[in-house]
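Contents: one structure, followed by commentary.
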Amino acid sequence: MKRQASRRAGRNDSPHYFCQICGAEVGRDDKACPGCGRLFTSVLCPVCGYSAEPSRFISGCPVCGYSGPVNAAGLNTPPLDTGSAVVNTVAAPLPLWTWVVAALALGAAILGLVSIL
């Protein structure tokens, strides 16, 4: 899972991070979202789609320079979904047939080992 990087203007010069799934603000070194519990593997720039570890985003995105737009209250607002490079990186669960095939293969391997002994 990835978190999106952005920055609040005025108060602090460091980027702020938001969960890509629920939109909750998360800490730079958080391993999971406090809002929805999703685990993070990297940070995703919502503008150019660049993905890397949080230390690469200390001053915003190292590729495009994105650090977040500012709204009238001076707070960072996540970009609107325009269908650009930002994609949902949540992996779909495996279909049932893959689990059945894996279980059958495991069963065959166990039977093969038992028959050798």
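Residue numbers (the numbering used here): 11 to 127. Beta carbons are placed, not taken as given, at the ideal position from N, Cα and C, and that holds for glycine. Quick caveat: nothing in here was measured; it's all calculated off a predicted structure.
In the DSSP assignment, valine 53 falls outside any alpha helix (DSSP H) and within the unbroken beta strand (DSSP E) covering 52-54. Spatial neighbours of glycine 45 in its own chain (CB-CB distance under 7 Å, excluding positions within 5 residues in sequence) are listed in chain order as Cys29, Cys32, Ala34. Beta-bridge analysis with DSSP links serine 61 to Leu54.
Under the DSSP definition of a beta bridge, glycine 33 lacks any partner. Here glycine 122 carries a helix assignment [DSSP, helix/strand/coil]. Beta-bridge pairing by DSSP links alanine 42 to Leu49. Valine 73 is positioned such that its CB atom lies no closer than 8 Å to that of proline 64. In the three-state DSSP reduction, glycine 75 falls in the coil class, being neither helix nor strand. The secondary-structure analysis by DSSP pairs phenylalanine 67 with nothing; it has no beta-bridge partner.
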